[in-house]
Structure formats: structure tokens, C-alpha cells
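Only one structure is covered here, and it is reproduced in the block below.
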Amino acid sequence: MAWNISLKASDLLSSSIKYLSSNGDIDDADKLIERLQGVPKEYWNWRAFVFLGDYLKLMDRFDEAFALYEEFKQQLPHDERAYSQHGGVFQQWGKHDRAIEIFEEGLRKTQKAPQTALMLAESYIEVGEYVKAIVSTERAIEGTADEQPSANIAEIFWTRAKARDALIHTNAITEQAELAESIGSAIVDYQAALSMPDRIGQYMIRGPQRIQVLQLYARDHGIDIQAEDESAKQRALLNLLQRLGRNGGEEEGNSTE
Numbered sequence: 001m002a003w004n005i006s007l008k009a010s011d012l013l014s015s016s017i018k019y020l021s022s023n024g025d026i027d028d029a030d031k032l033i034e035r036l037q038g039v040p041k042e043y044w045n046w047r048a049f050v051f052l053g054d055y056l057k058l059m060d061r062f063d064e065a066f067a068l069y070e071e072f073k074q075q076l077p078h079d080e081r082a083y084s085q086h087g088g089v090f091q092q093w094g095k096h097d098r099a100i101e102i103f104e105e106g107l108r109k110t111q112k113a114p115q116t117a118l119m120l121a122e123s124y125i126e127v128g129e130y131v132k133a134i135v136s137t138e139r140a141i142e143g144t145a146d147e148q149p150s151a152n153i154a155e156i157f158w159t160r161a162k163a164r165d166a167l168i169h170t171n172a173i174t175e176q177a178e179l180a181e182s183i184g185s186a187i188v189d190y191q192a193a194l195s196m197p198d199r200i201g202q203y204m205i206r207g208p209q210r211i212q213v214l215q216l217y218a219r220d221h222g223i224d225i226q227a228e229d230e231s232a233k234q235r236a237l238l239n240l241l242q243r244l245g246r247n248g249g250e251e252e253g254n255s256t257e
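For the sequence shown, position 251 (counting from the first letter as 1) is numbered 251 according to our numbering, and the numbering increases by one without interruption.
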């Protein structure tokens, strides 16, 4: 009974701290923080750690925030937010080497960590580790096989497309068949990001531009790659449905003989 009360108290207090601090009511938030810190951390859920951490960052109390995230990792070592929140600060500061260390730790400790894997991919891109970024996005896609994934799926495909795109333009891929496959994969990823309902508006402008750039690069290297437009996709789907319909009709006819 005491455990349940403490858990509910930490949840309610942390949510209230988030609301008050987001609205600039720092004095009242401070009062609730004192009460929250009176609850043993073994009763804290992820909201308590994340929302208090957000408050500490808001107040530029980063040393306290980092200490809190270390406690977060000890109490809930398999919650990816312990790592994405911590590493995210260094990522925002442009300290990608440190961010990468924290994100990699999160992927070792947590099986499903799509947001952490996505953030790791973004930091890898920033330091030019494009192959590692591609691998990280694949780990992120794996983690989104969930009813409520923590990461934006369109953003994952967009990030993988960016990593493939950047790798191609380093001119490091010299074998033509591999280059053609890489260009095709990058275009497919851009198209996937554009097709997702959770895409952002910027993708609709930048996506077609990057696809065109990749097609020009392919042409300059003697590779013919065409990106399908929406009408082509619709025709392909219609043809597939028609074939399925015909096959179904044939099977039904055969079954009556």
C-alpha cells in the first residue's frame, strides 16, 4: 500500500512540476520539487526523472541534471530515456563524441530504444560516421515495432536517407553495382519518409531535391536510376490487386469443377 501511494505521489508531483515550470511558475515548481525529493527514488518512475531533469536544464543546473540522469540509469537501467535525455544535452551542445558514448551505452543496456538509436545516428552523421549511422537507424526501425514507438518513424527513414546520401557523396563507394544499390536505397528511404503520416513539412521540399541530386549523381556515374512518382506507385498497386483478383477467380473456378 505504501509503495502504491509513493509511486502515485512521485507521478503526480513530477507531472505538476513539468506543468508549472513550462508555464514559468518557478516558485511553485520549487516547492513541489522539495516534496518530490522526499520520495525515495526507488519509487520514482520515468516521469519523475525526466521532468525533474527538464526543470534542472531549464534552470541551467546541468551538473545536478547529469547526477540525476546517473541515478536514473541505476534505478531504471533498461529505460532508454535515461540515456536519450543525458546524451541529448551533449548533442545539443555539439559535443557529439560524448553524446555517442552515452547513446551507445543505452543501446547496450536497452533492447528497444528507437529514440536513442535515432539520436545516435544523428550524432554519427555529424562526425562523418555514415556507415555507423545507417546501422543505428536500422536499430531504431527495429525498436518502432510497437503500438506507441518513442521515435518518429518518418524521421528515422529520413535520417537513414541522409546517411546514405552523405556516404555516396564522399565518393568512397567505387564499385558501380554497390554505388547503384546505395543510390537506389537512399532514394527509397527518402520516398518512405515522404510517404509517412508523421512526416514534417520540410521533407516535402527537401526530399524531392535530394532525390534529384542523387539521380544526377547516378547519371554522372553512368547509372540509370528512376524514382517512381505517386501515379506509378498507384498503377503498380492496382496491377497487383487485379492480378490477385484474377488468381482468386481462377482458383474459385477450379474449385467448382
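In this text, a Cβ means the ideal position worked out from N, Cα and C, and glycines have one as well. All figures in this text were calculated on a predicted structure; none of them were measured in a lab.
- Taking all protein chains in view, the Cβ of K31 is surrounded by fewer than 16 other Cβ atoms within 10 Å, so the residue is classified as exposed.
- With respect to Q115, S150 sits close: the two C-beta atoms are nearer than 8 Å.
- The three-state reading of DSSP puts K112 in coil, since its state is none of H, G, I, E or B.
- Distance between G128 and L12, taken at the CA atoms: about 43 Å.
- Burial is judged here by how many other beta carbons sit within 10 angstroms of a residue's own beta carbon; R219 has fewer than 16 and is exposed.
- In this structure, Y190 lies away from A166, with their beta-carbon atoms at least 8 Å apart.
- Here DSSP, grouped into helix, strand and coil, assigns D198 to coil.
- Secondary structure at D97: helix, using DSSP grouped into helix, strand and coil.
- Rounded to whole angstroms, the Cβ separation of G106 and Y83 is 3 Å, and the two are in contact under 8 Å.
- Take F157, set aside five residues on each side of it, and the residues of its chain with a beta-carbon closer than 6 Å to its own are D189, A192 and A193, in chain order.
- With distances taken between CA atoms, V131 lies nearest to I173 out of I153, I173, I102 and I141.
- In this structure, the beta-carbon distance from A121 to A163 falls below 8 Å.
- When rounded, the separation of the alpha-carbon atoms in G87 and E142 is 21 Å.
- Its Cα nearest to that of Q212, the residue G184 stands out among G184, R199, Q202 and G201.
- Sequence-distant partners of N152 (beyond 5 residues in either direction) whose C-beta falls short of 7 Å from its own C-beta, in its chain, are D198.
- DSSP places H169 in the helix class (H, G or I) of the three-state scheme.
- Residues A218 of the same chain have their beta carbon placed closer than 8 Å to that of D224, with the five preceding and five following residues left out of the count.
- Under the three-state reduction of DSSP output, P208 falls in the helix class.
- Secondary structure of M119 (DSSP, three-state): helix.
- Excluding the 5 residues flanking it on each side, D63 has no same chain C-beta neighbour closer than 8 Å.
- Straight across, the Cα-Cα distance linking L58 with M196 is about 33 Å.
- For R81, the three-state secondary structure derived from DSSP is helix.
- For K18, the CB contacts under 7 Å within the same chain, skipping 5 residues up- and downstream, are F51 and D54 in chain order.
- Within the model, the alpha-carbon separation for T170 versus E138 is close to 21 Å.
- In the DSSP assignment, I225 falls outside any alpha helix (DSSP H), carrying neither H nor E.
- Approximately 18 Å separates the beta-carbon atoms of A133 and Y203; this is outside 8 Å, ruling out the contact.
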